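S.K.: Here the sequence shown stands for residues 1 to 183, numbered as in our numbering. Glycine is no exception: its CB is placed at the ideal position from the N, C-alpha and C atoms. Predicted model, so just to flag it, every value in this text is computed and none were measured. Starting off with a structure, shown below.
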Amino acid sequence: MPTDDLPAGLPETFHVTTDEQLRAVSSLTRHRIMAVLRFEPATITQIAERVGLAKGSSSYHVRLLERAGLVKVVRTRKVRGVTERYYAMAARSIELPDPGEGGPDVLMRHAVADLEASPADGTRHVRMAHLRLAEEQFAQLGARLEALADEYRALSDPSLPDASLVFALFHPTSSERTEGDAR
Numbered sequence: 001m002p003t004d005d006l007p008a009g010l011p012e013t014f015h016v017t018t019d020e021q022l023r024a025v026s027s028l029t030r031h032r033i034m035a036v037l038r039f040e041p042a043t044i045t046q047i048a049e050r051v052g053l054a055k056g057s058s059s060y061h062v063r064l065l066e067r068a069g070l071v072k073v074v075r076t077r078k079v080r081g082v083t084e085r086y087y088a089m090a091a092r093s094i095e096l097p098d099p100g101e102g103g104p105d106v107l108m109r110h111a112v113a114d115l116e117a118s119p120a121d122g123t124r125h126v127r128m129a130h131l132r133l134a135e136e137q138f139a140q141l142g143a144r145l146e147a148l149a150d151e152y153r154a155l156s157d158p159s160l161p162d163a164s165l166v167f168a169l170f171h172p173t174s175s176e177r178t179e180g181d182a183r
């Protein structure tokens with residue numbers, strides 16, 4: 001989808017800072033609506049069709065996103081006496097705060113939703129690896145992954161197709177720890 005359809009002067013990044021904004025982005029339905037609006041403005045009717053919702057449900061979710069400042073009306077037009085509003089993202093990307101309690105869960109649910117919505121015949125690089133690392137290696141790998149993501153974000157060109165990068169480096173709960181905690 002062309003990024004030329006986005007309003008001129010759109011900020012590059014919207015920083016989620018309030019509880020209201022965090023609640024708004026944590027809904028998978030609202031995440032799907034924001035994905036529709038990522039590249040071009042759309043009306044409530046268009047959003048409802050693309051997301052597969054009733055117009056009333058789409059309207060409700062768009063109002064919550066608008067109230068949180070994540071989407072905004074970018075143009076209007078009269079159609080048979082009714083004002084039709086076109087909504088767009090408030091910025092080209094949304095940056096969530098450092099994930100606290102429950103934060104990584106929200107991020108991963110959004111990542112999985114994006115992956116599931118991507119074309120099945122498209123190129124994907126998905127991999128899961130179980131590693132055994134010393135704490136120093138764990139920290140180094142985390143820093144390298146973050147640096148790599150930052151490097152490629154700086155190279156991003158809005159005229160090129162969208163790509164998503166998601167990674168999670170963590171210590172899972174092992175059965176040994178769980179059993180040990182229960183004693």
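1. How would you write the range of the alpha helix (DSSP H) that residue 154 sits in, first residue to last?
2. Between residue 50 and the rest of its own chain, which residues show a CB-CB distance below 6 Å, the 5 nearest in sequence each way excluded?
3. Touching or not, the region 88–96 and the region 66–79, by the rule of three or more beta carbon pairs under 8 Å?
4. Report back the beta-carbon spacing between residue 44 and residue 25 to the nearest angstrom; my notes put them in contact at under 8 Å.
5. With DSSP collapsed to three states, give me the class of residue 66.
6. Which two residues bound the contiguous beta strand (DSSP E) that contains residue 84?
7. As a quick exercise: from 149, 147 and 39, pick the residue whose alpha carbon is nearest that of residue 86.
8. Grab me the residues of residue 77's own chain with a C-beta within less than 7 Å of its C-beta, minus the 5 sequence neighbours each way, in chain order.
9. Hey, could you find the ends of the alpha helix (DSSP H) residue 20 is sitting in?
10. Whole angstroms is fine: what's the gap from residue 147's alpha carbon to residue 119's?
11. Please classify residue 36: does DSSP put it in a helix, a strand, or coil?
12. Return helix, strand or coil for residue 93, following the three-state DSSP convention.
13. Is residue 132 buried or exposed, if buried means 16 or more other CB atoms sit within 10 Å of its CB?
14. Identify, in the order they occur along the chain, each residue of the same chain with its Cβ nearer than 8 Å to the Cβ of residue 117, setting aside the five sequence neighbours on each side.
15. Less than 6 Å between C-beta atoms, sequence neighbours within five positions excluded: which residues of the same chain meet that for residue 20?
16. Provide the residue(s) that pair with residue 55 in DSSP beta bridges, ordered along the chain.
17. Tell me whether residue 153 is buried or exposed, calling it buried when 16 or more other Cβ atoms sit within 10 Å of its Cβ.
18. In or out: residue 181 buried (at least 16 other Cβ within 10 Å) or exposed?
M.R.: Once the coordinates are examined:
1. Counting along the chain, the alpha helix (DSSP H) containing residue 154 begins and ends at 135–155.
2. If we look at residue 50 and ignore the five residues flanking it on each side, its Cβ neighbours are 36.
3. Touching, yes.
4. The C-beta separation of residue 44 from residue 25 comes to about 19 Å, leaving the pair out of contact by the 8 Å criterion.
5. For residue 66, the secondary structure class from DSSP, reduced to helix, strand or coil, is helix.
6. Note, residue 84: beta strand (DSSP E), 82–89.
7. It is 39 whose Cα lies nearest to the Cα of residue 86.
8. For residue 77, where only same-chain residues beyond five positions count, the Cβ hits under 7 Å are 84.
9. Looking at the DSSP string, the run of the alpha helix (DSSP H) that includes residue 20 is 19–26.
10. Cα-Cα distance, rounded: 28 Å.
11. The three-state secondary structure of residue 36, taken from DSSP, is helix.
12. Correct three-state label for residue 93: strand.
13. That one is exposed.
14. For residue 117, where only same-chain residues beyond five positions count, the Cβ hits under 8 Å are 32 and 35.
15. Taken in chain order, the residues that qualify are 68.
16. Bridge partners of residue 55: none, in fact.
17. Of the other Cβ atoms in all chains shown, fewer than 16 fall within 10 Å of the Cβ of residue 153; this residue is therefore exposed.
18. Any reading at residue 181 needs caution, since the residue's pLDDT is 46, under 50, leaving its predicted position unreliable; the model's value is listed next. Around the beta-carbon of residue 181, fewer than 16 other beta-carbon atoms lie within 10 Å, marking it exposed.
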